[in-house]
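These notes concern the structure reproduced below.
There are 2 protein chains.
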Amino acid sequence: MEFTFFGTSAGTPTKARNVTALALRLKREKNWCLIDCGEGTQHQLLHAPYSLANLAAVFITHVHGDHCFGLVGLLASASLTGRKAPLTIYGPAALAKFIPLTLELTDTYLCYPIEFVDVESLDQDIEVAGFAVSTIRLSHRVPCHAWHFVERNIAHQLDQEKLCQAGIEKGPLWGKIQQGEQVCLADGSLINGRDFWRLDNEARSIIVAGDNDQPELLQQAAANANVLIHEATYTQAIADKVGPEPMHSSAMQLAKFAQQVALPNLVMTHFSARFGGEGKFSIRTLQQEAKRFYHGELFLAEDLTTYQLNSKGELSKLKP
Amino acid sequence: MEFTFFGTSAGTPTKARNVTALALRLKREKNWCLIDCGEGTQHQLLHAPYSLANLAAVFITHVHGDHCFGLVGLLASASLTGRKAPLTIYGPAALAKFIPLTLELTDTYLCYPIEFVDVESLDQDIEVAGFAVSTIRLSHRVPCHAWHFVERNIAHQLDQEKLCQAGIEKGPLWGKIQQGEQVCLADGSLINGRDFWRLDNEARSIIVAGDNDQPELLQQAAANANVLIHEATYTQAIADKVGPEPMHSSAMQLAKFAQQVALPNLVMTHFSARFGGEGKFSIRTLQQEAKRFYHGELFLAEDLTTYQLNSKGELSKLKP
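So the sequences go chain by chain: A and E.
Our numbering applies: residue 1 is where the first sequence begins, and numbers increase by one.
Our numbering applies: residue 1001 is where the second sequence begins, and numbers increase by one.
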């Protein structure tokens, strides 16, 4: 499993960081997921190994411009470069107005169908690109969600011992069970194929959070996740100065939460554009603050950098 | 007078070229004009010596995304970085819907007032940043205009000989005439101060055209312009292959027009994203094609490159 940041800046781009967007995929899958799409995402994509033809779905955390102003341009470029496959966009209801209106007012035609799914209407996991995806409601100035990606179809063996105990003898049924299908036994009872799998590894999971001033809303999901990607817009000192109105998290606040749920890998991102200099506005101050409270593996997201989660759940930053 | 390209690609960005936007200003003025605002214009601006605080006005040629998808992000960033001064946006009527709707649906608030002026409603020149700006209707798939910038307030002396001939003696009136004011003489007659100026140089002018498949629509304006900045999306061979539907100009078509009106400086831009490689898709093929038909000063626009028009009307490319 790997993910690449197309942007790691909050609000406005800087010379070194674009606004928010992230690509996520399973290494064995051709298709990938895009989470958020700030302005300039399609430009970053030109420098990364993901193609618009293989984009499986788009997930938007919330409507703020630094998370979605690149969406219509990206859709238009996908069309201009020949995409024909339908595309589903999951996100806040406003997108279902914003995108068609923008297309109409700018005389833009897409050569493929798009579908919007209101995040509030989701009542079961989304199955896409080898993931089961669910949402968690966050706390921000506008409705905002985290997207929780759990690996599906992980390598597995048939649990032959369990099959024998259940009296399911070797035969055509084993093939269906191997595929994870529901199977009707001779006695009329229904079994779920997946219940007779022995997984080679645990299913890995990653939470990609949107803007949020209450990391504890992720408590339940984060307790079993391998990786949490979450905003740390400010140091605590700057958060105190700015006040609660922007509804963002500080590095300290996020780090304390990650430590409390014993999260193995924390990736901080969405840094205020004021960071990038030296002294108190160095990105290192955010890192130092988080390290005081969090003792797991800490990463500070960088643009166009790819992070790989191996089958043991270990996260590493790949060299560009 | 100088101008800087923020983007020179048609339709989609490439690794080397962003989509259309241009900054234009008089060297003696702090304020500048933005013509078109494709996605990523604000990103390019971070690498150029123009500030959003000093942006005098925005001029949009037409509604296609590669000319306006960066507009709302740029407006939002101007607000986030502290702009308070009002801003006027001149362009197609659809912008008066597109911008407020995008701001509303994405919960974006600007800390300064914006005003939209429908290009079709303009009945006199716009006076801005030392220019008098007028429009010329072009031919494209949607309504599209060129913006014609003529220098104002150029350095001048009082024409003392003419003043004496008119019997206007040295005194307080001369100050008003120097300012270009209307003045009432002792005999009750009205004179225009500007009529008694001796200009140090001719007023320079630049036409910035939008997408257009009929360069001859610019005949009248181009006959007296120092510079025409115009799209040359294709070579003629590619234009023939693509057919007339996109309604763009070829390098040959534009060059023939420029030669016919004896234009001194032609800047070609808005190159199809297919250009950038070698052979028939090299940018040099566009240059070679244009040079066969146009014998004035020819420039192929480059991103983040500044071109300077001196007081003699000579255009040169500045070293980055």
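Cβ coordinates follow ideal geometry from the N, Cα and C atoms, glycine included.
On a predicted model such as this, the values are computed, not experimentally measured, just so you know.
Test item: CB-CB of residue i and residue j under 7 Å
i         : j         : result
A/Asp36   : A/Thr20   : yes
E/Gly1040 : A/Gly40   : yes
A/Val267  : A/Ala222  : no
E/Ala1209 : E/Leu1286 : no
E/Asp1211 : E/Cys1164 : no
E/Gln1079 : E/Leu1110 : Sequence inspection shows Ser at residue 1079 of chain E; the Gln mentioned does not correspond to that position. Yes.
A/Ser282  : A/Ala10   : no
A/Thr135  : A/Glu115  : no
E/Leu1034 : E/Val1063 : no
A/Glu216  : A/Phe257  : yes
A/Arg187  : A/Thr8    : Reading off the sequence, residue 187 of chain A comes out as Asp, not Arg. Contact: no.
A/Leu46   : E/Lys1015 : yes
A/Asn31   : A/Asn54   : yes
A/Arg204  : A/Met1    : yes
A/Val72   : A/Tyr90   : no
E/Leu1318 : E/Thr1306 : yes
Contact with chain E by residue i, beta-carbon distance below 7 Å
i        : result
A/Asp107 : yes
A/Pro13  : yes
A/His145 : no
A/Lys97  : yes
A/Leu46  : yes
A/Leu110 : no
A/Leu101 : yes
A/Leu304 : no
A/Leu55  : no
A/Leu80  : yes
A/Val142 : yes
Residue i to residue j span [Cα, whole Å]
i         : j         : result
A/Lys291  : A/Pro264  : 13 Å
A/His248  : A/Ala255  : 14 Å
E/Val1117 : E/Gln1214 : 25 Å
A/Glu29   : A/Pro100  : 30 Å
E/Val1183 : E/Tyr1050 : 38 Å
A/Val150  : A/Asn226  : 10 Å
A/Ile168  : A/Leu185  : 8 Å
E/Thr1004 : E/Leu1309 : 12 Å
E/Gly1065 : E/Gln1259 : 31 Å
A/Leu75   : E/Glu1104 : 21 Å
E/Leu1022 : A/Gln44   : 21 Å
E/Glu1161 : E/Glu1181 : 19 Å
E/Thr1081 : E/Cys1068 : 21 Å
E/Leu1158 : A/Thr108  : 54 Å
A/Pro92   : E/Ile1060 : 30 Å
A/Ala166  : A/Ile154  : 23 Å
E/His1230 : E/Leu1024 : 15 Å
A/Thr269  : A/Phe131  : 23 Å
A/Gly296  : A/Ile177  : 38 Å
Neighbour flag for residue i against chain A, beta carbons, 7 Å
i         : result
E/Gly1171 : no
E/Ala1076 : yes
E/Ala1186 : no
E/Ala1094 : yes
E/His1148 : no
E/Leu1087 : no
E/Leu1217 : no
E/Leu1199 : no
E/His1156 : no
E/Val1183 : no
E/His1043 : yes
Chain D contact for residue i (CB, 7 Å cutoff)
i         : result
E/Ser1139 : No chain D is present in this structure, whose protein chains are A and E.
If contact means a Cβ-Cβ distance below 9 Å, which residues of the segment 6-39 of chain A contact chain E?
Listed by position along the chain: Gly11, Thr12, Pro13, Thr14, Lys15, Asn18, Val19, Gly38, Glu39.
Could you list the residues in the segment 1116-1128 of chain E with a C-beta less than 8 Å from some C-beta on chain A, going in chain order?
If the cut-off is 8 Å between Cβ atoms, the segment 1116-1128 of chain E has nothing near chain A.
Inter-stretch contact (C-beta, 8 Å, three-pair minimum) for the segment 190-197 of chain A and the segment 233-243 of chain A:
Output reads no: the segment 233-243 of chain A does not touch the segment 190-197 of chain A.
For the segment 1119-1128 of chain E against the segment 128-140 of chain A, do three or more pairs of beta-carbon atoms, one drawn from each stretch, fall closer than 8 Å, so that the two count as touching?
No: fewer than three Cβ pairs fall under 8 Å.
Scan the segment 233-262 of chain A for residues whose Cβ lies nearer than 9 Å to a Cβ of chain E and list them as they occur along the chain.
Residues of the segment 233-262 of chain A with a Cβ closer than 9 Å to any Cβ of chain E: none.
According to a CB-to-CB cut-off of less than 7 Å, which residues of the segment 1058-1072 of chain E neighbour chain A?
Residues of the segment 1058-1072 of chain E that bring their beta carbon within less than 7 Å of a beta carbon in chain A comprise Val1063, His1064, Gly1065, Cys1068, Phe1069, Gly1070, Val1072, in sequence order.
Proximal residues, the segment 264-277 of chain A versus chain E, C-beta separation under 7 Å
Here the close residues number zero.
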